[in-house]
Amino acid sequence: MKKTLLATLLCFGSLSAATASTLSEHIQQDYQTHLGALFKHFHQHPELSHMETQTAKRLAQELRAAGFEVTEGVGKTGIVAMMKNGPGPLVMMRADMDGLPVEEKSGLPYASKATQTDWDGNKVNVMHACGHDVHITSLVGTARRMAAMKDAWSGTLMLVGQPAEERVGGAKGMMQDNIWGRFGQPDYALAFHVSSEIETGKIVAVEGSPYSGVDSVDIIVHGVGAHGASPHRGKDPIVLGAQIVLALQTIVSREIAPKEPALITVGAFHSGTKHNIISDKAHLQLTVRNDSWETREYLMAAIKRVAENLGRAAGLPEDKLPEVIIDDEPTPPTVNDIPLTQRLKKAWAANMGEPVFDENYRRLGMGAEDFPFFTTKPYIPSTYFAVGGTPPEAFAAEKAGGPAVPSHHSPLFKISPEPAVTKGVEATVIALLDLMPKA
42 MKKTLLATLL CFGSLSAATA STLSEHIQQD YQTHLGALFK HFHQHPELSH METQTAKRLA
102 QELRAAGFEV TEGVGKTGIV AMMKNGPGPL VMMRADMDGL PVEEKSGLPY ASKATQTDWD
162 GNKVNVMHAC GHDVHITSLV GTARRMAAMK DAWSGTLMLV GQPAEERVGG AKGMMQDNIW
222 GRFGQPDYAL AFHVSSEIET GKIVAVEGSP YSGVDSVDII VHGVGAHGAS PHRGKDPIVL
282 GAQIVLALQT IVSREIAPKE PALITVGAFH SGTKHNIISD KAHLQLTVRN DSWETREYLM
342 AAIKRVAENL GRAAGLPEDK LPEVIIDDEP TPPTVNDIPL TQRLKKAWAA NMGEPVFDEN
402 YRRLGMGAED FPFFTTKPYI PSTYFAVGGT PPEAFAAEKA GGPAVPSHHS PLFKISPEPA
462 VTKGVEATVI ALLDLMPKA
């Protein structure tokens, strides 16, 4: 869809119509000459969380070459790149850098064969199985475009290479390293994630919560040990634990409103040592998800109520009731600022056309992100959007009974890099130019 001069002026301030109309072409050319090879380099050299030393070094090198002032080692392996370009707002764009301990089986000619010693001393295969290679390549593309278009915007641009998103600690670590005190608190914050569930060439910007909050919860179920042939002599924590597992499911299905996102999954149940011994303890491990703090508070209280009262129903004394232990570092939900998101969607529609939005996409899972550690305390208006990474032909083949489109974190995961990277750069540049117009 061609852009009108009016749309160009509205979204880009003093940016010329000729420059706006060729933005996509410039990005495409940059992919052919530079970004494509850079993507393959990042894909073939993934590194685990807080071990992204070479990734950070190369990213810093690329951003310095684009004209940014770069600081390394922020929050361990994180980097912050700054470009001051006159008066105006400070806008942050973040990209996560880390890979996963997964052996790549995508069949791609540039598949990762990297290995690394993990946090426990084990040698593991490493793969960019969640698309972070797309994110950091696009960050470089954004830097190069914004540096080339300095006459079209005014303000300060902060580009962040964030470590350890997969372990949900990188953003918090950068905040603990006083990122805002050292570099300035942004007026706006942006990030995007490539998605294998969205068609290439499409973007999704949710006016609400694109990612859920998460808590890790442990339940210690106490019992009284006995011989397996004499259960009447003890209190079986496995039976009580099983009752708790089932009862927890009714919290979401019968206490939370049907259209309010909430999830309780018991991911592990440990108890016992032998066939004929009734243990004296069971340990349940839960992941609990929400899209609002109000729902989170209800879920936490309900889990405690269910566990303790089932213990009472089993006849346990008060000092032996199940213990509910809530991790003291919950991840908040990612919540897009609605006025900001609506503003950016208007800019994207005016410059890339209404069909750029994937109107059929629905978020069905409750994955979490650590980006809100940047934006909640203090509150910073932010938009976290998604960029498509799977060709429409792959979805059509799956629908016709062919191979399923691999999910994120799968060893089969693969993204079509060229349309994903170029659309990520284009959407980001349009957003930045809209937020930092030339006076």
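In this text, residue positions in the sequence shown follow our numbering: the first is 42, and each later residue adds one.
Note that beta-carbon positions come from the ideal geometry of N, C-alpha and C, so glycine has one too.
Just so it is clear, the structure is predicted and the values come from calculations on it, not from any experiment.
Ranked by Cα distance from residue 84, the first of 124, 155, 97 and 117 is 155. Going by C-alpha positions, residue 367 is about 44 Å away from residue 77. Here residue 120 carries a strand assignment [DSSP, helix/strand/coil]. Residue environment: residue 203 is assigned as buried (16 or more neighbouring CB atoms within 10 Å of its CB, all protein chains considered). Between residue 209 and residue 369 the beta-carbon gap is near 14 Å, outside 8 Å, which marks them as no contact.
Residue environment for residue 116: buried (at least 16 other C-beta atoms within 10 angstroms of its C-beta). The C-beta of residue 272 has fewer than 16 other C-beta atoms within 10 Å across all chains shown, which makes the residue exposed. Only residues of its own chain outside the window of five on either side were considered, and among them 172, 175, 235, 237 and 430 have a CB closer than 7 Å to the CB of residue 456, listed in chain order. The three-state reading of DSSP puts residue 65 in helix, counting H, G and I together. Here residue 417 carries a coil assignment [DSSP, helix/strand/coil]. If you look at residue 339, you'll find it in the alpha helix (DSSP H) that goes 334-354. Counting other Cβ atoms within 10 Å of its Cβ, residue 177 reaches 16 or more and is therefore classed as buried. For residue 384, the enclosing alpha helix (DSSP H) has its first and last residue at 379-393. The C-alpha of residue 371 is placed about 34 Å away from the C-alpha of residue 266. Assigned with DSSP and collapsed to three states, residue 478 falls in strand. Segment contact: the segment 239-253 against the segment 383-401, three or more CB-CB distances shorter than 8 Å; contact assigned.
The C-beta distance from residue 197 to residue 131 rounds to 4 Å, short enough to meet the 8 Å contact threshold.
For the pair of segments examined, the segment 279-298 was found not to touch the segment 377-386: the number of CB pairs separated by less than 8 Å stays below three. The alpha-carbon separation between residue 82 and residue 169 amounts to approximately 11 Å. About 5 Å separates the beta carbon of residue 472 from that of residue 385, a gap short enough to meet the 8 Å contact definition. A straight line joining the alpha-carbon of residue 329 with that of residue 362 spans about 21 Å. Ranking 306, 275, 337 and 428 by CA distance to the CA of residue 321 puts 275 first. In the structure shown, residue 297 falls within a coil segment according to DSSP collapsed to helix, strand and coil.
Using a Cβ distance threshold of 7 Å, residue 137 and residue 253 do not count as a contacting pair. Three or more Cβ pairs closer than 8 Å define a contact, and the segment 434-445 falls short of that threshold against the segment 276-285. Approximately 17 Å separates the beta-carbon atoms of residue 259 and residue 337; this is outside 8 Å, ruling out the contact. For residue 324, the enclosing beta strand (DSSP E) stretches over residues 322-331.
The straight-line gap separating the alpha-carbon atoms of residue 93 and residue 74 is approximately 25 Å. The criterion of a C-beta distance shorter than 7 Å is not satisfied by residue 179 and residue 139. The bridge partners DSSP lists for residue 366 are 259. With contacts defined as CB atoms closer than 7 Å, residue 463 and residue 69 qualify as a contacting pair. A Cβ-Cβ contact shorter than 7 Å links residue 135 with residue 201.
For residue 409, the CB contacts under 6 Å within the same chain, skipping 5 residues up- and downstream, are 252, 253, 255 and 372 in chain order.
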